[in-house]
Structure formats: C-alpha cells, structure tokens
Amino acid sequence: MNTQERLKRSEDIQISYWLSPLPQLELAQVKAATEVPNDTSQEQVIGNYYATDNSTLPELGALSDFENWASVASTIDHKTRQLAGFDPTATEFDVKAWEEYLYKFGTSPFLLSTEHRHLELSLGKDSIKPLIHAVFEMIKGVVSEADYDHVLTTMKKMATLAITNEGKAQKDSYQQLGIISVKSSKLYSLFIRTCIQMTRKEEEDKDYEHIAQTLSVIKFQGIIDFDKCKRNADLILGWDRFNIDKWVEHTNSYNCPPNECPSWSN
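Once you know that position 170 of the sequence shown is 177 in the numbering used here, the rest is easy, because the numbers rise by one and skip nothing.
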C-alpha cells in the first residue's frame, strides 16, 4: 500500500465515523438540560453571514460545479446540520440538535485547525455594546473590518426575532451567528454562540427585553481543507447542494428587519 492509498484509507475511515449517527445518551445531565422553570421558555435564534476580501483561493478542480469555494463550505455546513438534526429555520430550541451540531462541527474531517474560544462579559439592561465588542474581537483576523457593519446588521436581525418571538414571561434565547469568510486566501467556517435571558416588557403584551446578566460567549472555528475536499469531491458532490446565498438566507432571522433600539449605541 503506497502513501496515497494509506491516505485514502485513513480519510475514508475519518469521514465514515463523522457521517455515522451519534449514540443516543440517556444521561441525567441531558435530561436536566431540557428542564426549565414553568414560567420560562426556550428558543433558538440563528443568523448567517458571508464575508470575503476577494483574495485568491485554489482551483476547484473536480468541485467546479459549485462555482466557488464558499458554496463548498456552505454545503459542508449544511451536511453538518443534517447529521445533527439542527434546523436553523426553526425557533424551537432542541438541546440535543444544538449540542450535536457543535460536536459534528468540531469533528468535521473537512476542517483544519479547529479552534475554540470562550469569553465572559457583563451585559447591562440598557446596553448591548459589550456583546458587539465580544463578537468583533472574536472575528478579528478572520473577517475584514469592512464587513463588520454587515455582521452587526445580521446581529440586529437576530435581536428583532428574539424581541418579538412569542414565549412565556421569561425566556432563554439561545443564539448562534454563523459566518463563512474568505480572508487572506483562507476559507473560514465558524459560529459564535450565547444564551441571553429575556423578560416580557411590562408595558407590552408580547415584546421582550434582555435583563442585566453575565453572558458566556463561545466561538468554534475551522479552516476548510481544500485538498481533502478535492480528494473527496465525488462524496461532496453527492450531498444536498447548498450554495452560499441559500446558506445565508436559510435562517429564522433572515427576513427580520434590523432592530434599531438605543441599546446598540449605549
């Protein structure tokens, strides 16, 4: 068996493991994660953004049907979501799918240099700026500064959904910002997550506002392995094709107008 044959065998095994369903866990921690007080509901709010500095990427080779590498990355991410049963268009929070997506992303055989970062911050009742600064800090070096305003617009759309999506008097809003970015001839796939505690406004029947709290913000990030993608082109071409524009639009917050409340500038 030569070097190329050994590489092919190793990659086939890695990909087969990744494509296999995860074992169903019946742990006390899993059950506890789904339990919330009677006056509290849970939701998920998802937004996606594609950024590019137009730097050169390798030839697509056998993946040329995709027309661009960003659509290869978005198709891989869509496959990751399918494996986890994670639906970015739904507002119902499914803790199992939420955690399985994280696991499948972190073990994806098509990503190099998977990175995890965690920040904690204090969020005042009348300000969202600390969260904005945390997100911008996490995308520094991965997304061009010219795209920061567009990332912020995506966050504001997510905020609109969180404020207006109906739930109980208190709710936990699990939020995920997904980004695919071309920067300095690398193609990044990443997502940033947090959970924001919200309460129904006293003067409103439906709308919500966030409360003062400590937020935990996490980022998971990887770099697309161009060579491995090309070596496994036949497999990727057989998946549900999900081009980059469709990936951006396929979230529950995409059609929401950006929220422009004073909290963004306080």
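Note that CB positions come from ideal geometry on N, CA and C, so glycine has one too. Every value quoted in this text rests on a predicted model; they were computed, and no experiment measured them.
### Task
Measure the beta-carbon distance from Asp214 to Thr160 and round it to whole angstroms, keeping in mind my assumption that it falls under 8 Å.
For the purposes of this step, residue 214 is identified with residue 207 of the sequence shown, where counting begins at 1. For the purposes of this step, residue 160 is identified with residue 153 of the sequence shown, where counting begins at 1. In fact, because the Cβ distance is near 20 Å, the residues do not count as touching under 8 Å.
#### Entry: Beta carbon of Leu194 nearer than 8 Å to that of Gln228
One-based indexing of the sequence shown puts residue 194 at position 187. One-based indexing of the sequence shown puts residue 228 at position 221. No, these two residues do not count as a Cβ contact at 8 Å.
### Beta-bridge partners of Lys193, as assigned by DSSP
The residue labelled residue 193 in the question sits at position 186 within the sequence shown. BP columns for Lys193 point to Lys190.
### Query
What residues match up with Thr114 in a beta bridge as DSSP calls it?
To locate residue 114, count along the sequence shown from 1; it is residue 107. According to DSSP, Thr114 bridges with nothing at all.
### Message
Looking at the secondary structure, which residues open and close the beta strand (DSSP E) in which Lys132 lies?
### Response
Mapped onto the sequence shown, residue 132 falls at position 125. Per DSSP, Lys132 belongs to no beta strand (DSSP E) and is neither H nor E.
### Query
Roughly how far, in whole angstroms, is the beta-carbon of Tyr181 from the beta-carbon of Glu99, given that I think they are within contact range, below 8 Å?
Translated into positions along the sequence shown, residue 181 becomes position 174. Translated into positions along the sequence shown, residue 99 becomes position 92. At roughly 11 Å, the Cβ-Cβ gap does not stay under 8 Å, so Tyr181 and Glu99 are not in contact.
### Query
So His217 is in the beta strand (DSSP E); what residue range does that whole segment cover?
Here residue 217 refers to the residue found at position 210 when the sequence shown is read from its first residue. Counting along the chain, the beta strand (DSSP E) containing His217 begins and ends at 215 to 217.
### Task
Alpha carbon to alpha carbon, how far is Gln11 from Tyr108? Give it in angstroms, no decimals.
As a first step, residue 108 must be located in the sequence shown, where it is residue number 101. As a first step, residue 11 must be located in the sequence shown, where it is residue number 4. When rounded, the distance between both Cα atoms is 31 Å.
### Message
Does the contact criterion of 3 or more C-beta pairs under 8 Å hold for the stretch 173 to 188 versus the stretch 64 to 74?
### Response
no
### Query
Near Asp154, what residues of its chain come up, given a Cβ to Cβ distance below 6 Å and the 5 sequence neighbours on each side ignored?
Residue mapping note: residue 154 aligns to position 147 of the sequence shown, counting from 1. Counting only Cβ-Cβ distances below 6 Å, and skipping sequence neighbours, we find Ala58.
### Query
According to the neighbour-count rule (16 or more other Cβ atoms, all chains shown, within 10 Å of its Cβ), is Pro116 buried or exposed?
One-based indexing of the sequence shown puts residue 116 at position 109. Label assigned to Pro116: buried.
### Query
Since Asp247 contacts His85 with CB under 8 Å, what's their CB separation in whole angstroms?
On the sequence shown, residue 247 is found 240 positions in, with the first residue counted as 1. On the sequence shown, residue 85 is found 78 positions in, with the first residue counted as 1. Going by Cβ atoms, the distance from Asp247 to His85 rounds to 6 Å, so yes, they are a contact pair.
### First and last residue of the uninterrupted beta strand (DSSP E) at Ala58
As a first step, residue 58 must be located in the sequence shown, where it is residue number 51. Looking at the DSSP string, the run of the beta strand (DSSP E) that includes Ala58 is 47 to 59.
### Query
Can you name the start and end residues of the beta strand (DSSP E) that Lys226 belongs to?
For the purposes of this step, residue 226 is identified with residue 219 of the sequence shown, where counting begins at 1. Run containing Lys226: 220 to 231, per the beta strand (DSSP E) assignment.
### Message
Using only the alpha-carbon positions, how far apart do Lys253 and Ile203 sit?
### Response
As a position in the sequence shown, residue 253 is number 246, starting the count at 1. As a position in the sequence shown, residue 203 is number 196, starting the count at 1. Going by the C-alpha atoms only, they are around 27 Å apart.
### Message
Could you compute how far the alpha carbon of His157 sits from the alpha carbon of Asn9?
### Response
As a working note, residue 157 is residue 150 in the sequence shown. As a working note, residue 9 is residue 2 in the sequence shown. Cα to Cα, the separation comes out at about 48 Å.
#### Entry: C-alpha distance - Glu42 paired with Leu14, whole-angstrom precision
The residue you call residue 42 lines up with position 35 of the sequence shown. The residue you call residue 14 lines up with position 7 of the sequence shown. Near 45 Å, if we compare the C-alpha coordinates of Leu14 and Glu42.
### Task
Count the other C-beta atoms from every protein chain shown that fall within 10 angstroms of the C-beta of Leu130, then say buried if there are 16 or more, exposed otherwise.
Taking the first residue of the sequence shown as 1, we reach residue 130 at position 123. The residue in question, Leu130, is buried, as its Cβ has 16 or more Cβ neighbours within 10 Å.
### Query
Near Asp46, what residues of its chain come up, given a Cβ to Cβ distance below 6 Å and the 5 sequence neighbours on each side ignored?
For the purposes of this step, residue 46 is taken as residue 39 along the sequence shown, with counting starting at 1. Lys175, Ala176, Gln177.
### Query
Does the beta-carbon of Asn266 have 16 or more other beta-carbons within 10 angstroms, so that it is buried, or is it exposed?
In the sequence shown, counting from the first residue as 1, residue 266 sits at position 259. Buried is the call here.
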